[in-house]
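The block underneath contains the structure these notes are about, expressed in structure tokens.
Residue numbers (the numbering used here): 601 to 984.
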């Protein structure tokens, strides 16, 4: 064999050995890399735990809690992410568990659990709304045009009483006015076109609740006519004044200061009272009714020239049907004023269902006063 072929053979053998060595080395490195990769797993993510805590009412408490939450969330940014073999079942399970934990964290933050971020916001919003409610005053509808008309009737009544006006003529005028008002009111409720015209002219005198029911003026006239027809003139006059002034005082004072006093009970001595009415309105009606009785029988009634039809006189006391009860002077007048005040407050506060107080107030107040005068006459006759 020649030296050339021997050298070639030696070179080939040497190359094969080099190749095998490189292959073995590459395989060993690959194996080590794979083992190292499998051995290295995703580092455990920091677990963020949330616990409910009572919030401090001070702003600093809210700020401290917010800082703690931010620090914990910032810790999530330091998680080392390392590629893991997709075929490794353990790493897949761990990844799913971590994803589940992260989902729970996100859901907790969204729902406002944990440190109560949403609760803080809800609490702050609730406080803001409450502050706004307390700060703003409720707008009061004073019904000034209606109240002026209501009160003016009382002054007109006093004028008719002192000027020797005939009750019969007043009754005729009121019944005649009803012949116009009632058909107009029926047409208003049935014709939308006429309703617009009617409310444009007289709507400022109506309450919102009366725009779809019977006008309160009708009940007012019926109550006044009943008092003038069935009661003595002085009792009827006082009943109309109670309707005109005590009802107005109760409504005005009740709207202004009713929220500062308790509501009336639903019943007193079996009498149904309107729970929407306040103690302030009741007291206003009572004081006004007492003042009306005190001023009328103590001052106005003696001014009338024909004083023979007065039910109570300063010297004789109650003089119904010519009988004298003897309850005269300041004692008698004070007792009558006290009864008139109590009757005015209760009659104004009564809840009689759908009956309008413009109808019931003069009827009840006048009837109670007339009954009290009769009671004094009976007591006087027994004592005599």
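Glycine is no exception: its CB is placed at the ideal position from the N, C-alpha and C atoms.
Contact between residue 886 and residue 944 holds, since their C-beta atoms are separated by about 6 Å, short of 8 Å.
Counting the other Cβ atoms within 10 Å of the Cβ of residue 958 gives 16 or more, which makes it buried. Considering only 776, 950, 972, 916, the residue with the shortest C-alpha distance to residue 937 is 972. The Cβ atoms of residue 965 and residue 839 lie closer than 8 Å to each other. Out of 865, 862, 928, the CA that lies nearest to the CA of residue 894 is found in 928.
Proximity to residue 826 across 781, 813, 775 peaks at 775, based on C-alpha coordinates.
As for any alpha helix (DSSP H) of minimum length 4 sitting wholly inside the segment 821 to 857, the runs are 833 to 841, 847 to 857, ordered along the chain. A Cβ-Cβ contact shorter than 8 Å links residue 950 with residue 873. Nearest Cα to residue 969 within the set 823, 793, 820, 835: 835.
Comparing alpha-carbon positions, the option among 819, 916, 799, 910 lying closest to residue 778 turns out to be 819. Residue 874: not part of any alpha helix (DSSP H); DSSP gives it neither H nor E.
Under a 10 Å Cβ-count criterion, residue 742 is classified as exposed, with fewer than 16 other Cβ atoms of the shown protein chains found around its own Cβ.
Sequence-distant partners of residue 828 (beyond 5 residues in either direction) whose C-beta falls short of 7 Å from its own C-beta, in its chain, are 767, 770, 771, 836.
Counting other Cβ atoms within 10 Å of its Cβ, residue 962 reaches 16 or more and is therefore classed as buried. Using a Cβ distance threshold of 8 Å, residue 960 and residue 940 do not count as a contacting pair. For residue 962, the uninterrupted alpha helix (DSSP H) run begins and ends at 957 to 983, by DSSP.
Looking at the DSSP output, residue 868 sits in a beta bridge with 871. The bridge partners DSSP lists for residue 912 are 918. Listed as beta-bridge partners of residue 790 by DSSP are no residues whatsoever.
Secondary structure note for residue 948: its alpha helix (DSSP H) is the uninterrupted segment 929 to 949. The three-state reading of DSSP puts residue 800 in helix, counting H, G and I together. Nearest to residue 744 by alpha-carbon distance, out of 931, 852, 901, is 852. Residue 751 and residue 981 have their alpha carbons spaced roughly 39 Å apart. For residue 757, the uninterrupted alpha helix (DSSP H) run begins and ends at 744 to 762, by DSSP. Residue 888 is positioned such that its CB atom lies no closer than 8 Å to that of residue 930. According to the DSSP assignment, residue 895 belongs to the alpha helix (DSSP H) that extends over 879 to 895. Check the Cα spacing between residue 831 and each of 967, 955, 914: the tightest is with 967.
Comparing alpha-carbon positions, the option among 848, 785, 870, 800 lying closest to residue 817 turns out to be 785. Measuring C-alpha to C-alpha distances from residue 859 to each of 847, 882, 843 identifies 882 as the nearest.
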